[in-house]
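The next block holds one structure in the form of structure tokens; read it before the comments.
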Amino acid sequence: MEIKDTLLTPKTKFSMKANLTNREKNFQKDWIDNQVLEQREKLNKNKKEFILLDGPPYANGELHVGHAMNKILKDFIWRYKSMSGYNTQIIIGWDTHGLPIENALLKKGKVKRDKLTDVEFRQKCEEYALKQVENQKESFLSLGLLTNGQKVYKTLDKKYEAEQIRVFGQMIDKGIVYKGLKPVYWSPSSQSALAEAEVEYYDKESPAIYVGFDMLSEKFCDVQIVIWTTTPWTIPANQGVCIGPNFEYSVIEISNKKYLLATSLIDSFLKDINQTEYKIVSIHIASELENIELKHPLFDQKSFIMLGNHVTLEAGTGCVHTAPGHGEDDFIISKKYHIPVISVIDAKGVMTSDAGIYEGLFYEKANSIICEDLEKKNHLINLTFITHQYPHDWRTKKPIIYRATDQWFASIKKIKKDLLDAISDVNWINTWGEVRLSNMIKGRDDWCISRQRKWGVPIPIIYTEEGNPILDQVVINHIADLFEKEGSNVWFGKDAIELLPIGYTHVESPNSIFTKETDIMDVWFDSGVAHSSVSKNKMRSYQADLVLEGSDQYRGWFNSSLITGVVSQGKAPYKSVLSHGFINDNKGNKMSKSLGNVITPKEVVNNHGADILRLWVASVDYQSDVKISNQILDQVSETYKKYRNCMRFLLGNLQNYQNQKFEFNELDQVDQYILIELDQVIEKSLNAYESYEFKNILQTLNTFITNILSSFYFDFIKDILYIQEVDNVRRQKVEFVLNQIFISLTKLLTPIIPHTSNEAYQNYQYNNQKFIFLEEMPEVKGYKNIETSKLFTSFLDNRDLINKEIESAREQKRIGKSLEAKVIIKASKDLINQLNQIDELQLMLIVSKLELVQADHFSIEVTKYTEHRCERCWKYYLETEINQNNLCDSCECIIKNIIER
RNA sequence: AGGGCUAUAGCCAAGCGGUAAGGCAUCUGGUUUUGAUCCAGUCAUGCGUAGGUUCGAAUCCUGCUAGCCCUGCCA
1 MEIKDTLLTP KTKFSMKANL TNREKNFQKD WIDNQVLEQR EKLNKNKKEF
51 ILLDGPPYAN GELHVGHAMN KILKDFIWRY KSMSGYNTQI IIGWDTHGLP
101 IENALLKKGK VKRDKLTDVE FRQKCEEYAL KQVENQKESF LSLGLLTNGQ
151 KVYKTLDKKY EAEQIRVFGQ MIDKGIVYKG LKPVYWSPSS QSALAEAEVE
201 YYDKESPAIY VGFDMLSEKF CDVQIVIWTT TPWTIPANQG VCIGPNFEYS
251 VIEISNKKYL LATSLIDSFL KDINQTEYKI VSIHIASELE NIELKHPLFD
301 QKSFIMLGNH VTLEAGTGCV HTAPGHGEDD FIISKKYHIP VISVIDAKGV
351 MTSDAGIYEG LFYEKANSII CEDLEKKNHL INLTFITHQY PHDWRTKKPI
401 IYRATDQWFA SIKKIKKDLL DAISDVNWIN TWGEVRLSNM IKGRDDWCIS
451 RQRKWGVPIP IIYTEEGNPI LDQVVINHIA DLFEKEGSNV WFGKDAIELL
501 PIGYTHVESP NSIFTKETDI MDVWFDSGVA HSSVSKNKMR SYQADLVLEG
551 SDQYRGWFNS SLITGVVSQG KAPYKSVLSH GFINDNKGNK MSKSLGNVIT
601 PKEVVNNHGA DILRLWVASV DYQSDVKISN QILDQVSETY KKYRNCMRFL
651 LGNLQNYQNQ KFEFNELDQV DQYILIELDQ VIEKSLNAYE SYEFKNILQT
701 LNTFITNILS SFYFDFIKDI LYIQEVDNVR RQKVEFVLNQ IFISLTKLLT
751 PIIPHTSNEA YQNYQYNNQK FIFLEEMPEV KGYKNIETSK LFTSFLDNRD
801 LINKEIESAR EQKRIGKSLE AKVIIKASKD LINQLNQIDE LQLMLIVSKL
851 ELVQADHFSI EVTKYTEHRC ERCWKYYLET EINQNNLCDS CECIIKNIIE
901 R
């Protein structure tokens with residue numbers, strides 16, 4: 001038998017190399033095959049509910065790293081809570097309606113819209129959306145989530161839609177839903193509203209006119225404020241003129257006429273009207289001009305000057321003709337100044353009675369007549385024609401216009417106070433979140449919830465014969481029930497009368513003629529009712545304990561959820577809100593294909609492994625924007641190796657552990673110290689999990705593993721573990737401590753690197769379950785021994801000094817490894833006494849000889865001590881201490897025992 | 001333009017009015033039986049920038065710069 005065979009060197013199947021990229025998939029399959037989630041849920045069945053409501057990503061396209069971070073953060077929480085006494089009921093969701101899906105189908109030429117009925121088209125959309133959901137789900141699961149992807153919600157689910165309709169019914173009941181006008185892109189040629197994506201820009205020749213509006217204040221009684229427009233047909237819809245609040249304006253005189261316009265645009269104005277001679281009469285700041293009354297250039301009506309941030313000095317006069325029915329900015333300004341939204345165009349592009357004498361004219365035809373009239377009335381300052389980029393219908397290739405159409409709105413004004421109250425009741429984990437959302441709610445206009453599209457949840461409104469909407473919750477709930485049974489396609493497949501309760505009558509429909517609304521709801525409404533749809537259908541609380549989304553969702557989902565929640569339930573749908581930042585490249589710039597700085601989760605999972613991506617997520621300050629790059633991921637991999645090797649060392653040295661248990665007080669001093677430190681690590685880590693400060697967990701673990709375990713405890717206990725026999729008590733105590741460390745650290749890391757920690761756990765012979773996910777988080781034992789802690793803090797400081805001396809001896813080539821050293825510490829009586837209180841001092845310093853000498857001055861001497869080496873433990877001894885086989889007494893005894901057995 | 005966030009070494013970061021933690025990486029030196037290697041030393045008179053308040057500022061105030069999120073029938 002060779003001596004090295006008598007040493008108990010570590011052995012474990014838990015390999016040094018992780019090979020995550022190949023093995024993670026198998027691990028995940030194993031979890032699903034063995035129903036880990038179901039088992040975990042069974043264990044948690046009667047525990048307290050902790051609902052983290054998943055905000056649904058949009059079901060289109062590949063996942064980006066932001067999606068991945070979002071779900072990984074949630075998974076940390078789901079996993080942690082499920083191992084900490086909570087019933088988490090994980091349901092992941094998808095947002096499945098909306099224009100991008102319609103576009104994806106149309107653009108890829110997959111469907112010929114003209115040949116499909118609405119119902120057929122919607123079925124295609126559904127098919128596509130469900131496929132996207134499956135793709136994305138697969139990508140999500142490759143991140144190693146606790147969920148197995150079985151429990152999901154989709155905004156196209158029948159039950160989901162039904163609940164959405166019921167929430168809408170409640171909003172109707174509360175009286176906050178109303179019909180109003182809002183301008184949208186409108187194509188007269190196809191008589192429909194268009195989405196931005198359906199608009200293409202081509203060159204078009206348009207009249208460009210300067211128009212003077214008479215100012216009605218005494219001070220400016222002979223002055224005309226000058227606007228510039230390329231759409232003369234919108235002049236009949238004019239409701240005022242906007243100027244920029246920060247610009248300077250001048251009254252100038254040209255051939256006895258006075259005009260008001262932005263000072264910096266005088267030159268270009270003169271050039272356009274072929275004038276050179278002018279003089280400045282007066283100069284004004286914008287605020288002086290606000291609210292000055294104006295006379296409409298065509299009609300006998302008054303308007304006034306408004307201030308608007310959308311006004312620019314890039315073209316025109318710095319004075320913008322404002323027709324709220326025919327322009328987006330104009331519409332927004334109209335809300336601020338409470339001026340009417342008037343549309344002078346019908347669906348075919350023909351002027352309506354609101355256009356007065358121009359009624360019946362096609363809008364383009366009206367241009368020239370209006371210009372003539374302006375000329376006659378002395379308001380047309382100049383007319384030219386320009387060629388510019390102008391929006392066209394992508395199908396008919398004909399020009400489109402902005403036109404105010406009937407839209408459904410939810411009045412925010414009426415519930416603003418309730419919303420703000422609800423906000424203040426929420427726990428905003430990013431403290432500024434409250435300010436951000438409140439400001440948005442304070443400043444936001446009514447919510448336009450209708451869209452002129454097909455792929456979405458229909459607005460469940462039936463109109464009477466007289467054309468009035470039936471705003472009756474009973475009717476709406478009937479429709480909801482219908483949707484629950486048959487899905488919302490029923491709306492598109494059936495006539496209005498079939499959608500009403502059987503035998504339904506209405507005084508306004510004596511002939512039982514009804515029509516139905518054709519608009520669908522804004523997709524924000526869809527996802528915004530997740531709180532109700534998911535909770536009602538899955539039998540859980542309405543109010544989520546937590547929502548966790550990207551910072552863009554203050555305007556998005558946090559916002560829409562709040563509104564629908566407050567209206568339907570009277571309080572916010574979430575108790576706490578946590579938001580994460582966006583992921584940028586290594587310079588902090590946004591990722592984009594053109595810059596080539598995009599990193600996809602797929603790449604990371606394939607090149608590094610999901611655990612590396614997860615560890616990265618846990619290592620950064622995710623509440624602000626974060627940076628990712630290959631360099632950063634490589635660094636995370638180093639940390640990963642550290643953890644993995646730590647687990648490996650523990651497993652390797654637990655091979656001989658027979659599960660002996662010791663009371664804290666029975667343990668040796670240093671073991672107690674380590675357990676106290678471990679206890680604090682557990683406490684800090686659990687606190688960090690509770691407050692979602694995941695990077696603190698890693699920091700705590702890093703420090704413990706590096707400074708306490710790796711460089712101290714693990715270092716010197718090798719001389720116990722490798723050398724002492726299996727039944728040696730000192731060894732067993734150390735093993736007991738290692739066992740505590742292993743199980744605690746592995747559990748603490750489980751939510752963050754589940755693949756690795758479960759792999760380690762499966763190599764641990766005392767596991768209670770096959771999967772660590774079925775274990776509970778470690779508990780804080782409350783170990784304390786102030787004396788011991790003090791002693792070791794002081795010892796570790798002195799150890800640093802001793803190590804320095806040893807190093808210095810090495811540099812002088814006086815010694816090699818530390819076991820070749822003899823150390824003499826000369827120090828004050830107090831220090832010597834203190835050091836004498838420490839057991840195993842020499843062992844912990846990993847030297848062959850240690851002497852403590854009382855002296856006036858502190859000094860550390862290191863000399864070479866290489867008398868006779870024991871061939872087994874490699875410590876050096878005096879000749880008298882070593883036997884003829886070159887073994888020390890202790891080793892000789894051990895070998896004898898081994899041979900006897 | 002406005003609302004919100006961020007800025008500390010090559011990287012991840014602590015610090016929250018008392019004189020810049022920790023980890024990773026690098027470099028230097030040493031040790032090593034695959035005994036996870038380990039150890040020592042090195043590494044910001046400096047906290048985006050310019051001012052101000054203070055006995056004292058990375059921390060408080062003001063201006064500026066840069067990046068990010070929001071104001072889409074994108075999420």
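Residue numbers (the working numbering): 1 to 901. Beta carbons are placed, not taken as given, at the ideal position from N, Cα and C, and that holds for glycine. Just so it is clear, the structure is predicted and the values come from calculations on it, not from any experiment.
For residue i, the nearest candidate out of the options (CA to CA)
i	options	result
Lys154	Gly356, Arg79, Gly55, Val211	Gly55
Thr229	Met777, Asn589, Ser206	Ser206
Tyr540	Glu861, Ile91, Leu63	Sequence inspection shows Arg at residue 540; the Tyr mentioned does not correspond to that position. The shortest Cα separation from Arg540 among Glu861, Ile91, Leu63 belongs to Ile91.
Glu840	Val670, Asn798, Ser890, Val226	Val670
Gln39	Ile342, Pro57, Pro100, Leu146	Leu146
Lys875	Arg644, His608, Asp719	Asp719
Ser255	Lys271, Glu776, Gln275	Gln275
Cα-Cα separation between residue i and residue j, rounded to whole angstroms
i	j	result
Asp679	Leu745	11 Å
Ala496	Gly169	17 Å
Trp557	Leu578	12 Å
Gly212	His580	51 Å
Lys924	Lys661	Outside the displayed span of the chain (1 to 901) sits residue 924, for which this structure offers no information.
Ala129	Glu517	24 Å
Gln224	Leu260	6 Å
Lys348	Ser187	8 Å
Ile305	Gly487	50 Å
Asn430	Ser691	11 Å
Phe858	Thr12	45 Å
Phe582	Glu248	39 Å
Arg648	Glu759	11 Å
Phe299	Tyr463	35 Å
Cys242	Asn427	41 Å
Ala104	Lys684	48 Å
Glu293	Gln239	11 Å
Three-state secondary structure (DSSP) of residue i
i	result
Ile599	coil
Ala530	helix
Thr12	coil
Phe662	coil
Gln543	coil
Thr6	helix
Glu690	helix
Residue i - partner residues in DSSP beta bridges
i	result
Cys242	Met306, Val320
Asn427	Ser576
Ala193	Trp186
Met351	Ile345
Lys154	Trp94
Lys826	Val853, Ser859
Gly550	His580
Phe213	Ile225
Ile283	Ser250
Asp203	Gln389
Ile520	Arg451, Pro458
Gln407	Gly180
Ala821	Lys864
Lys257	Ile254
Nearest-angstrom beta carbon gap, residue j and residue i [assumed within contact, 8 Å]
i	j	result
Thr317	Ile386	In fact, because the Cβ distance is near 15 Å, the residues do not count as touching under 8 Å.
Leu721	Asn653	5 Å
Tyr202	His392	5 Å
Glu126	Leu156	6 Å
Gln407	Lys182	4 Å
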